[in-house]
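In the working numbering, the protein residues as written are 42 to 570.
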């Protein structure tokens with residue numbers, strides 16, 4: 042398959058397909074996937090290698106990370122290094138040797154060559170833990186045909202819109218709990234209106250929402266008194282993700298010297314214990330129903346347990362890993378969306394007008410109603426562009442030799458796709474640091490008319506905005522996360538006008554594995570009459 046043909050197979054808009062075709066017409070790579078080893082070797086002799094790439098030295102990287110404070114601003118470091126070295130550069134730090142690509146064109150080239158079984162990044166420490174405990178590997182550790190087999194089982198009930206629509210009722214129940222939680226927090230605040238540290242509250246919502254689907258049980262995250270097992274679960278998720286970034290920096294001989302590995306193992310033990318307990322409880326319920334006249338009904342977990350393509354051990358780890366990826370996308374994106382709406386009353390009023398016209402009298406929106414709310418979707422898209430949850434994606438290309446730009450790379454090259462730099466590129470998005478949901482709409486509005494005069498305001502390269510990844514390694518839970526965000530934001534806007542707390546400072550993002558608020562977001566929720 043040619044690169045152009047491969048690009049045409051992607052789920053792009055008509056405008057995106059035209060942009061992709063224009064790009065690949067001018068590209069020197071005419072048939073990357075079709076290159077045989079001999080052709081690749083011949084071409085490699087005419088191209089530069091990884092050693093020819095520009096990039097920072099070790100001391101300079103250390104200086105940026107620690108003296109200049111970029112350890113918590115890795116997303117901004119992408120932009121700085123892109124300005125210094127161009128759209129492709131090499132960075133080495135500790136055990137890592139990475140090729141960074143920060144333009145949509147180059148990101149597209151990497152994705153088109155990632156092979157049949159792409160790998161994001163090698164998680165050797167996760168694999169080490171799985172081997173230590175004799176557990177199944179799961180999507181994040183397994184590779185090749187085994188990874189593909191599991192993914193083929195997990196995909197249908199997560200990515201098909203008709204299947205995902207079945208989760209709407211349970212999501213609305215969780216959103217209802219969120220609204221009651223907001224009321225409770227308002228009543229306890231000093232002014233009767235403020236919800237403090239909104240991101241922490243929305244994290245609980247995200248956790249409750251995805252767990253209700255994956256484990257088919259309510260964990261009580263939004264209750265005033267959170268159950269002990271749920272607290273243990275939430276703490277284990279936070280500890281494991283934090284320690285995962287630390288453990289990977291140290292060689293294995295430090296396991297018995299430094300405390301990080303032991304704490305990492307304990308966090309995974311706690312996480313797996315609670316997940317296994319929830320799965321086993323559901324298994325017992327299903328088995329009890331077998332002998333009764335009542336049919337066994339359920340959502341995602343029931344579907345996985347009924348499948349003969351996954352073992353019980355694989356189900357344990359799969360639902361756990363899906364839960365890990367399904368919390369932060371929802372909670373962080375909603376936090377940033379409400380933060381921006383609170384600071385932009387015009388945008389908030391436009392959103393309220395759309396939601397109330399489609400669902401008057403505070404009716405709960407259905408899945409079909411969402412199709413009539415383009416501005417709601419534009420607000421979420423623009424939030425994800427400004428604050429991509431994952432500021433960079435990895436691609437460990439293990440099957441093919443790769444040609445990017447005029448460089449040749451051998452198999453097992455680790456690429457870093459700099460999503461943040463790409464979606465903040467002024468060449469792709471006019472006024473990239475501004476919150477402008479209208480840029481995602483086909484219909485011109487009065488507020489966007491001045492921008493319309495600029496060619497390309499509505500057009501961007503299809504790989505300049507990939508918040509959920511792209512290709513076969515794209516986020517499994519994208520559709521569920523989107524539905525959670527659409528339902529939650531629409532119902533919050535139906536019920537409240539959102540304002541900043543008086544004197545509230547500007548909140549910037551920081552990098553803690555994911556892009557999160559650097560300080561608490563405190564907002565006033567004023568009931569609509």
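Yeah, the Cβ is synthetic: ideal placement off N, Cα and C, and Gly gets one too. What you are looking at is a predicted structure, and each value in this text was computed from that prediction instead of being measured.
Review point. From residue 137 to residue 126, what does the alpha carbon distance come to, in whole angstroms?
Key: Near 19 angstroms, if we compare the C-alpha coordinates of residue 126 and residue 137.
**Study point:** Option in 339, 375, 317 with minimal Cα separation from residue 364
**Key:** Nearest C-alpha to residue 364: 317.
Point to revise | Local conformation of residue 560 per DSSP, three classes | key: Note: residue 560 maps to coil in three-state DSSP.
**Study point:** Rounded straight-line distance, which links the Cα of residue 320 to that of residue 326
**Key:** Their backbone Cα atoms lie some 10 angstroms apart in a straight line.
Point to revise | Contact under 8 angstroms by Cβ, residue 376 with residue 558 | key: At a Cβ-Cβ threshold of 8 angstroms, residue 376 and residue 558 count as neighbours.
Check your understanding: DSSP puts residue 552 in a beta bridge; with which residues?
Key -> The partner list for residue 552 (beta bridge, DSSP) reads 556.
**Study point:** Given residue 359 as reference, the closest of 563, 439, 177 once Cα atoms are compared
**Key:** For the set 563, 439, 177, the Cα lying nearest the Cα of residue 359 is the one of 177.
Review point. Is residue 416 near residue 478, with beta carbons less than 8 angstroms apart?
Key: Here residue 416 is near residue 478, since their CB atoms are less than 8 angstroms apart.
Review point. Closest to residue 193 by CA distance: which of 568, 545, 517 is it?
Key: That would be 517, whose Cα lies nearest to the Cα of residue 193.
Practice item. Give the C-beta separation of residue 260 and residue 249 to the nearest angstrom, bearing in mind that I take them to be a contact with Cβ-Cβ under 8 angstroms. Key: That belief holds up - the Cβ atoms of residue 260 and residue 249 are roughly 6 angstroms apart, short of 8 angstroms.
Exercise for review: Pick out whichever of 166, 379, 227 has its Cα sitting closest to the Cα of residue 291.
Suggested key: Per the Cα distances, 166.
Review point. Any beta-carbon of chain B closer than 8 angstroms to the one on residue 557?
Key: No chain B is part of this structure, which consists of one protein chain only.
**Study point:** beta strand (DSSP E) segment containing residue 164, residue limits
**Key:** That residue, residue 164, is in no beta strand (DSSP E); it is neither H nor E in DSSP.
Point to revise | Secondary structure of residue 448, DSSP reduced to three states | key: Residue state, collapsed to three classes: strand.
**Study point:** Best match in 135, 89, 117 for proximity to residue 100 [C-alpha to C-alpha]
**Key:** If we check each option's Cα against that of residue 100, 135 comes out closest.
Point to revise | 8 angstroms contact criterion, which residue 140 and residue 476 should meet: CB distance rounded | key: Not a contact, Cβ separation roughly 32 angstroms.
Exercise for review: Assign residue 398 to one of three DSSP states: helix, strand, or coil.
Suggested key: DSSP, reduced to helix, strand and coil, places residue 398 within a helical segment of the structure shown.
Point to revise | Within 8 angstroms, strictly: CB atoms of residue 282 and residue 304 | key: No, these two residues do not count as a Cβ contact at 8 angstroms.
Check your understanding: CA-CA distance, residue 561 and residue 214?
Key -> Residue 561 and residue 214: Cα-Cα distance of roughly 26 angstroms.
Review point. Can the beta-carbon of residue 301 be found less than 8 angstroms from the beta-carbon of residue 411?
Key: The criterion of a C-beta distance shorter than 8 angstroms is not satisfied by residue 301 and residue 411.
**Study point:** Distance between beta carbons of residue 433 and residue 461, contact taken as under 8 angstroms
**Key:** Indeed they touch by this definition, with Cβ atoms about 7 angstroms apart.
Check your understanding: Under the DSSP definition of a beta bridge, which residues are partnered with residue 295?
Key -> According to DSSP, which records beta bridges pairwise, residue 295 is partnered with nothing at all.
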